[in-house]
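Inspection log for the structure reproduced underneath, given as structure tokens.
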Amino acid sequence: MVLDHSGIPAVVLIVEDEMLLRMRAVEMVEDAGYTPLEAMDADEAVAILESRSDIALVCTDIQMPGSMDGLELAHAVHGRWPSIKIIVVSGQSNLPSLDIPACSRSFAKPLDAGEVIAEMHGMIGRA
Numbered sequence: 001m002v003l004d005h006s007g008i009p010a011v012v013l014i015v016e017d018e019m020l021l022r023m024r025a026v027e028m029v030e031d032a033g034y035t036p037l038e039a040m041d042a043d044e045a046v047a048i049l050e051s052r053s054d055i056a057l058v059c060t061d062i063q064m065p066g067s068m069d070g071l072e073l074a075h076a077v078h079g080r081w082p083s084i085k086i087i088v089v090s091g092q093s094n095l096p097s098l099d100i101p102a103c104s105r106s107f108a109k110p111l112d113a114g115e116v117i118a119e120m121h122g123m124i125g126r127a
């Protein structure tokens, strides 16, 4: 289990509109030793971020319904909560050309769980 400075497991917010992919992401986060939270779109994610102060990382899909896509969400999170780390996930093959915030990471679907977990550990620490 990965603990934050207060001894509580670090929290990762997963933003994914497809239920099966969200469930898989939750399993990855749990396997990494973190506490998962789930949002179906950017609007729900922002509401969660506004109501909590313990989120260490946001993992968001790019293509989602709602008022903003995952890239817009990533930039909004970086602007409002600069200490929160960000992972952007895409089914598109042009990941190197994505305009993601500084210090964020991007991964293509299908996700390699080991690679994503290693990146999470690198970004927010491990026990």
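Just so we're aligned: 43 in the UniProt record's numbering is position 43 of the sequence shown, and the numbers increase by one with no gaps anywhere. All residues carry an ideal CB built from backbone N, CA and C; glycine is no exception. If you're wondering where the values come from, they're calculated on a predicted model, not measured in any experiment.
Rank the options by C-alpha distance to the C-alpha of residue i and give the top, closest one.
{"i": "G114", "options": "I14, E30, R22 and H78", "result": "E30"}
{"i": "R24", "options": "D54, D43, I117 and L71", "result": "I117"}
{"i": "M40", "options": "P82, E16 and G33", "result": "E16"}
{"i": "H75", "options": "E27, S53, M28 and P101", "result": "P101"}
{"i": "G79", "options": "C103, G122 and L98", "result": "C103"}
{"i": "G122", "options": "S51, D69, G33 and V46", "result": "G33"}
Does DSSP put residue i in a helix, in a strand, or in coil?
{"i": "S90", "result": "strand"}
{"i": "I14", "result": "strand"}
{"i": "A100", "result": "The question names Ala, but residue 100 in the sequence shown is Ile. The answer is coil: DSSP assigns I100 none of H, G, I, E or B."}
{"i": "I117", "result": "helix"}
{"i": "L111", "result": "coil"}
{"i": "L22", "result": "In the sequence on display, residue 22 carries Arg and not Leu. Note: R22 maps to helix in three-state DSSP."}
{"i": "G125", "result": "coil"}
{"i": "A32", "result": "coil"}
Return the bridge partner residues of residue i from the DSSP annotation.
{"i": "S106", "result": "V88"}
{"i": "I55", "result": "V11"}
{"i": "L37", "result": "L13"}
With a threshold of 8 Å on Cβ separation, who are the neighbours of residue i within its own chain once the five nearest residues in sequence on each side are excluded?
{"i": "I55", "result": "V11, V12, L13, L37, I48, L49, W81 and I84"}
{"i": "F107", "result": "I87, V88, V89, S90, L95, E115, V116 and E119"}
{"i": "E18", "result": "D61"}
{"i": "P65", "result": "D17 and D41"}
{"i": "E72", "result": "A42"}
Within the same chain, show all residues whose beta-carbon is closer than 6 Å to that of residue i, passing over the 5 residues directly before and after it, in chain order.
{"i": "D4", "result": "With a pLDDT of only 49 at D4, under 50, the local geometry of the prediction cannot be trusted, and no value is derived from it."}
{"i": "R105", "result": "I87 and E119"}
{"i": "I124", "result": "A10, A56, L57 and K85"}
If you drop the 5 nearest sequence neighbours on each side, which residues of the same chain put their C-beta closer than 7 Å to that of residue i?
{"i": "E44", "result": "none"}
Give the list of continuous alpha helix (DSSP H) stretches no shorter than 4 residues that lie fully inside the segment 58-88.
Entirely contained in the segment 58-88, the alpha helix (DSSP H) runs reaching 4 residues are, in chain order, 70-80.
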